[in-house]
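Since the structure comes first, as structure tokens, the remarks are kept for the end.
Residue numbers (our numbering): 9 to 632.
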């Protein structure tokens with residue numbers, strides 16, 4: 009007779025115990041025993057229900073009443089804006105900022121599965137203290153015994169300074185972050201502000217000063233990977249524009265000083281067609297004073313807000329706790345409040361604008377920007393969903409009730425969301441976004457793919473020829489390391505002649521130890537993807553990067569490593585002919601059969617709207 013104990017294995021290793029029922033927390037491996045179940049599989053099998061439940065859970069947190077007022081109301085920092093919308097809880101960035109979200113959704117799946125079981129004890133094997141606490145509370149609610157087997161904490165490579173900073177209380181981290189930020193960014197103060205005060209342009213873009221074409225920028229042309237041909241289109245049509253940038257350090261612009269010099273050069277050589285400045289251009293003593301004042305006000309409200317969230321969240325609270333503290337007490341809160349006031353200063357300074365466009369990812373700063381845009385009564389605002397919209401990227405989705413709210417502190421939404429293709433549009437519609445708030449535009453980032461889109465590439469590869477495989481690095485170090493470790497192990501099992509072309513992400517160089525192999529040819533390149541497409545047979549990607557779409561859209565075989573510690577964040581999730589691998593054996597088997605792989609007709613038009621003339625964009629920009 010099977011034991012009435014269930015064991016949660018929160019480990020990547022496939023370890024089971026025949027005495028108990030085994031719950032695999034980090035494995036998609038299909039159960040082959042009666043006493044084994046995969047939580048990631050359960051999540052995928054109940055995806056719509058679980059996503060909807062989580063979105064509803066977050067919505068309800070904001071509506072929780074504490075002393076007759078909602079948490080949304082308690083976090084009001086101005087008459088028309090609640091800081092609640094800038095918290096990590098609302099942002100829901102489960103792949104970078106809030107990794108415990110995945111565990112909450114897994115716990116929802118586990119709880120649902122338990123409803124049909126009859127266990128008397130829950131045992132968890134984990135290094136995750138927060139997850140263990142949540143499972144313990146759930147066990148108490150179910151009136152079953154609980155046992156914890158603690159695994160050694162995962163080692164994280166950090167500098168001594170970073171390690172010390174991370175162990176500090178959030179309330180101490182916040183002023184440290186503010187001081188560091190001001191020291192670093194103060195030299196950008198005032199850059200371009202005089203130009204913007206005098207601007208005759210009525211169209212403003214909010215963007216990132218990142219991933220620019222540096223060579224063109226040095227000649228006065230602004231072109232980056234987000235907007236590509238659009239700035240040239242504006243100039244060609246004699247439409248003056250304002251560009252407010254969030255500066256992001258990169259390999260090509262590693263310091264604020266380098267960014268300052270470059271933006272001055274662009275402005276000088278543009279001749280007034282474009283006005284470029286930084287959000288940090290609006291740093292001032294007044295902004296700092298307002299930031300600290302609002303942060304302190306939230307500190308005084310923290311206790312009752314925390315108690316309200318804790319009571320509502322029940323056994324999820326341990327997994328939410330760090331995000332609540334960081335958002336309300338810590339550096340996240342301080343920075344977000346400062347961004348809100350910087351945007352207020354910018355929008356107050358900017359002459360009345362008829363149109364605004366911003367890169368939409370539903371990051372925390374965006375909601376502060378929208379509120380500031382509305383406060384100073386600028387015109388029509390369009391959020392541009394510039395990349396792919398992935399099913400499990402929860403930033404893009406909200407409980408449907410949020411779109412029907414109509415109070416003074418309502419969720420800050422743009423007037424329109426610009427979607428770049430059929431897939432993105434359908435994702436929004438499936439998520440409950442109002443159809444009349446969606447507008448179609450060409451996929452600026454993917455226009456170069458159109459030339460491959462309708463080409464017939466049905467060619468069988470031969471074992472006699474070298475087969476090139478493109479390795480696309482991720483912008484997250486964790487994902488890139490996982491990806492390259494699997495590749496390194498798979499190389500030992502590869503029996504055919506292949507050549508890996510490794511293309512690191514601009515933000516994340518790949519360690520040289522993964523780029524050298526005595527058996528397999530490897531080359532590192534920084535060439536654009538569109539210059540490599542014709543050469544390669546296959547692409548190997550992380551589960552997060554949107555670059556996988558490039559290869560899929562032109563008909564190439566795509567192999568994606570499945571990070572079993574997270575939800576499936578691949579933009580190609582659900583697409584046919586995509587191979588997801590989680591072991592060296594799975595990957596090497598695909599490579600060893602590479603001769604059977606065919607290029608097929610590109611499928612880009614299924615994903616994106618292509619038109620080199622940017623007809624859809626022209627319509628939006630010229631529409632009064």
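Just so it is clear, CB atoms sit at the ideal spot from N, CA and C, and this is done for glycine as well.
Run of the beta strand (DSSP E) containing residue i, from where it starts to where it stops
i           : result
residue 156 : 153-158
residue 502 : Where residue 502 is concerned, there is no enclosing beta strand (DSSP E), given that its DSSP letter is neither H nor E.
residue 84  : 84-86
residue 389 : 388-393
residue 477 : 475-480
residue 283 : 282-286
residue 30  : 29-32
residue 367 : 363-367
residue 569 : 565-569
residue 425 : 424-427
DSSP state of residue i mapped onto helix, strand, coil
i           : result
residue 448 : strand
residue 252 : strand
residue 291 : coil
residue 17  : strand
residue 601 : coil
residue 231 : coil
residue 617 : coil
residue 335 : helix
residue 357 : helix
residue 384 : coil
residue 201 : helix
residue 578 : coil
residue 412 : coil
residue 100 : coil
residue 545 : strand
residue 635 : In the structure as shown, the chain begins at 9 and stops at 632. Residue 635 is therefore absent and cannot be evaluated.
residue 302 : helix
Contact set for residue i: own chain, Cβ-Cβ below 7 Å, skip 5 residues either direction
i           : result
residue 222 : 260
residue 340 : 96 and 334
residue 527 : 499
residue 30  : 15, 17, 24, 43 and 44
Cutoff 6 Å; reference residue i; Cβ partners in own chain excluding five residues on either side
i           : result
residue 186 : 342
residue 64  : 407
residue 102 : 109, 110 and 402
Rounded separation between residue i and residue j - CA only
i           : j           : result
residue 21  : residue 572 : 11 Å
residue 108 : residue 327 : 6 Å
residue 580 : residue 556 : 8 Å
residue 196 : residue 296 : 15 Å
residue 124 : residue 118 : 11 Å
residue 392 : residue 589 : 32 Å
residue 167 : residue 613 : 46 Å
residue 430 : residue 418 : 29 Å
residue 472 : residue 529 : Residue placement at residue 472 is flagged as unreliable, the pLDDT there being 47, under the threshold of 50; the coordinate-derived value follows with that caveat. Cα-Cα distance, rounded: 15 Å.
residue 470 : residue 477 : Confidence in residue 470 is poor, its pLDDT being 40 and thus under 50, which makes the residue's placement unreliable; the coordinate value appears in the next sentence. Answer to the nearest angstrom: the Cα atoms are 14 Å apart.
residue 475 : residue 562 : 17 Å
residue 160 : residue 569 : 25 Å
residue 140 : residue 146 : 10 Å
residue 202 : residue 273 : 15 Å
residue 56  : residue 434 : 14 Å
residue 285 : residue 592 : 48 Å
Closest residue to residue i among the options (Cα-Cα distance)
i           : options               : result
residue 679 : 16, 402 and 382       : A query on residue 679 cannot be resolved here, the shown segment of the chain reaching from 9 to 632 and no further.
residue 325 : 576, 591, 476 and 69  : 69
residue 599 : 31, 295 and 546       : 546
residue 356 : 236, 377 and 448      : 377
residue 611 : 558, 592, 619 and 383 : 558
residue 425 : 410, 412, 404 and 409 : 404
residue 92  : 476, 290 and 306      : 306
residue 372 : 363, 420 and 278      : 420
residue 249 : 144, 256 and 240      : 240
residue 269 : 56, 199 and 113       : 199
residue 113 : 451, 127, 210 and 52  : 52
residue 300 : 331, 85, 57 and 332   : 85
Other residues of its chain near residue i: CB distance less than 8 Å, five sequence neighbours each side excluded
i           : result
residue 488 : 481, 482, 512, 513, 516, 518 and 550
residue 212 : 249, 250, 251, 252, 358, 361, 363, 364, 365 and 386
Residue range of the alpha helix (DSSP H) that includes residue i
i           : result
residue 215 : Looking at the DSSP string, residue 215 is not in any alpha helix (DSSP H); the run it does join, the beta strand (DSSP E), is 211-217.
residue 521 : That residue, residue 521, is in no alpha helix (DSSP H); it is neither H nor E in DSSP.
residue 456 : No alpha helix (DSSP H) holds residue 456; DSSP gives it neither H nor E.
residue 64  : 55-71
residue 130 : No alpha helix (DSSP H) contains residue 130, which is instead part of the beta strand (DSSP E) from 129-134.
residue 143 : 137-150
residue 268 : 264-278
residue 588 : Here residue 588 belongs to no alpha helix (DSSP H); instead the beta strand (DSSP E) covers 587-589.
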